[in-house]
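Heads up: take any position in the sequence shown, counting from 1, add 166, and you land on the numbering used here.
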Amino acid sequence: MRQQDFRTKIGSTVFGVRATALIVKDNRLFVIEDEDGCYTIGGAIQVNETTEDAVVREVKEELGVTSTAGPLAFVVENHFEQAGIHYHNIEFHYLVDLLEDAPLVMQEDTKQLPCRWIALDDLHTVDLKPAFLKSALPEWDGQLRHIHLKE
Numbered sequence: 167m168r169q170q171d172f173r174t175k176i177g178s179t180v181f182g183v184r185a186t187a188l189i190v191k192d193n194r195l196f197v198i199e200d201e202d203g204c205y206t207i208g209g210a211i212q213v214n215e216t217t218e219d220a221v222v223r224e225v226k227e228e229l230g231v232t233s234t235a236g237p238l239a240f241v242v243e244n245h246f247e248q249a250g251i252h253y254h255n256i257e258f259h260y261l262v263d264l265l266e267d268a269p270l271v272m273q274e275d276t277k278q279l280p281c282r283w284i285a286l287d288d289l290h291t292v293d294l295k296p297a298f299l300k301s302a303l304p305e306w307d308g309q310l311r312h313i314h315l316k317e
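Set out below in structure tokens:
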């Protein structure tokens, strides 16, 4: 049975609480690619689940590999629109260590998407979402940052 996650729709806005994996190795960020750009691994946290547990679960679900949550780098209040739907997400972005090699394909249910490593110095050259990571991640000083995003 699938657990209930922290997502709800109020009017035309979807509100959610998410945990996101910033998988960084050798000054490169691991991303998923689709027709809309590049993304990091992540998803909604479940009721009674910690954000650390959620990010480890999301990595396992989407990549099939074991990981550990490292430091929390960013807490993000993200407001955006996608496909005509308004979103208001509270996001917890953790540095994550993989305990196994990452596959170059993300598998979620029946959906498969290619993955790749991008040098932190080259993040500005790709359509990375959320875009704040292009500058904030290469400059991250180890201190938790609170980010407000609004389209």
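For glycine and all other residues, C-beta sits at the position ideal for the given N, C-alpha and C.
Everything numeric in this text was worked out from a predicted model, so none of it was measured.
Residue pairing from DSSP places Ala235 in a beta bridge opposite Val262. When C-beta atoms of the region 300-317 are compared with those of the region 203-214, fewer than three pairs fall below 8 Å, so the two segments do not count as touching. As summarised for the region 178-255, the continuous alpha helix (DSSP H) elements at least 4 residues long and confined to that stretch are 217-229, given in chain order. Cβ-Cβ distances below 6 Å link Gln169 to Gln212 in the same chain, with the five nearest sequence neighbours on each side left out; the list follows chain order. A distance below 6 Å between beta-carbons, with the five flanking residues on each side excluded, links His290 to the following residues of its chain, in chain order: Lys300. Non-local C-beta neighbours of Tyr260 in its own chain, meaning closer than 8 Å and more than five positions away in sequence, comprise Ala185, Thr186, Ala187, Leu188, Thr217, Glu218, Val221, Ala235, Gly236, Pro237, Leu238, Ala239, ordered along the chain. Membership of Ala268 in any alpha helix (DSSP H) is not indicated, and neither H nor E is assigned to it by DSSP.
Gly209 is the residue among Leu195, Gly209, Ser233 whose C-alpha sits nearest the C-alpha of Val183. Taking C-alpha positions only, Val241 is separated from Val262 by approximately 15 Å.
In this structure, the CA atom of Asn255 is about 27 Å from the CA atom of Asp287.
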